[in-house]
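Mapping to this note's numbering: the sequence shown position 320 is 325, numbers consecutive.
The beta carbon of each residue, even a glycine, is placed where N, CA and C say it ideally should be.
The model shown is predicted, which means the values in this text are computed figures rather than measured ones.
Following: one structure in structure tokens, then a few remarks.
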Amino acid sequence: MQTLTDILRAEIAARGAISFARFMAAALYEPGLGYYERPPGRIGRTGDFFTSVSVGPVFGELLAARFGPWLWSLDVPRPQLVEAGGHDGRLAIDLLGAFGASDPERAARLDYILVEPSPTRRAWQRETLRELVPQVRWVADLAELAAGGVHGVIFGNEFLDALPVHRLGWDAAVGDWFEWQVGWTEERFHWVRPTVAGRPAALDPALREALAAEYGILLEPAVRAALPDGFTLEVRPAATAWWTLASRVLGSGWLVAIDYGFTAADAVQPERPGGTVRAYARHRATDDVLAEPGRQDLTAHVNFPALIAAGERAGLRTEGLFSQAAFLVEGLRDDAAVAQWTAARRRQFQTLVHPQHLGERFKVLVQSRRPSPK
């Protein structure tokens, strides 16, 4: 049986070194072989990493407490909740369960849309949501939804960090950027500085444009002069394109990203010379991101300032960039109900909001488009 390594080796042999974006896309999403194409069970205590969803249903309940007032405030017959990156559907079932328990009449008129390109993951989601399928529908791509056609909330939880990124390096000798590529020699994948006729290859203009858009500070000569040779960062055209598309699809409502990432203040950090791409396996993070493609998770920090700018260019208003703790705690309005929580539910809540757990590690970006006056 052909492995993912076989596929990538053959591609490199035929065409030369490939971009890391191509490598990451294959490692995570190659049909039948990518990390996210393998059976569920890789998330949680016995898997490779924790997520807020794997902590327990309290996360979905707290999100429902935030999303509900937004959804019910819209003057539409059936508000929509659109989730990208739903994995096995667990968050969807937690959210729908919370809505049904708190306000069954309104919950009955909510349309839940899962954006899922993978037939494999759609099958997992259908199995998880089998009793709720009449209320849920699937689209393979956000572009299938009409521009301005969504009135509700579009959101992704730990979705954008898993979109493929390009890795750019600084060549101090020539004073310019290059794209790190991936080659294969001596039975392993390795990093390649591309050359043309023995000279450093010019950076693709589209990537140069993305670099300027994501890291305006690097346009300053003094900053560039201080960069060490090989200093590496990522550009994220896939994430920016998705956010821009989501902004256009949103007719009225809110666009939300829940993820880990950086702000303008810490976009370029000398102590992070290798960038933010990491691999995760068995609850350990590693910089060896080229090892065992398809068998370890790959992520890169979200560039929140770039998303904010993309949304505002598309006409959205930025409501704020919050810590996960601040965002979730705002939904706790019923002190009496909280007082009745079991010890297990309290532990879930503490994991989600404690600064040393997930509360400060994750951020929540909220942008909105208000309904047009009638």
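**At least 3 beta-carbon pairs within less than 8 Å: the region 200-219 vs the region 279-290** = no
**Request:** For ILE222, count neighbouring Cβ atoms within 10 angstroms of its own Cβ and tell me buried if that reaches 16, exposed if not.
**Result:** With fewer than 16 other Cβ atoms within 10 Å, it is exposed.
**Message:** Give me the residue from HIS362, VAL261, ARG20 with the minimum Cα distance to THR323.
**Reply:** VAL261
**Message:** Measuring only the C-alpha atoms, how far is GLY462 from LEU321?
**Reply:** No information on residue 462 is available, as it lies outside the stretch 6 to 379 that the chain covers here.
**Request:** Tell me whether ARG229 sits in a helix, a strand or coil according to DSSP, three-state version.
**Result:** helix
**Segment limits, beta strand (DSSP E) that includes GLN186** = 186-190
**Request:** Note down, in chain order, each residue of its chain lying with its Cβ closer than 6 Å to the Cβ of ALA177, except the 5 sequence neighbours on either side.
**Result:** ASP234
**Request:** Look at PHE104 and LEU115 and say whether their C-beta atoms are less than 8 Å apart.
**Result:** yes
**Prompt:** What is the DSSP secondary structure of ALA314, counted as helix, strand or coil?
**Reply:** helix
**Asked** Is the beta carbon of LEU333 sitting closer than 8 Å to the one on LEU357?
**Response** Yes, the pair counts as a contact, with Cβ atoms nearer than the cut-off.
**Item:** Residue environment, LEU96, which counts as buried when at least 16 other CB atoms sit within 10 Å
**Value:** buried
**Request:** Verify whether the separation of the beta carbon atoms of ILE12 and PHE160 is less than 8 Å.
**Result:** no
**Prompt:** If we count the other Cβ atoms within 10 Å of its Cβ and call it buried at 16 or more, is ASP302 buried or exposed?
**Reply:** buried
**Request:** Within its chain, find whatever has a CB closer than 7 Å to the CB of VAL60; leave out the 5 residues flanking it on each side and keep chain order.
**Result:** GLN353, THR356, LEU357
**Request:** Could you tell me which residues DSSP puts in a beta bridge with HIS171?
**Result:** When beta bridges are read from the DSSP output, HIS171 appears opposite VAL240.
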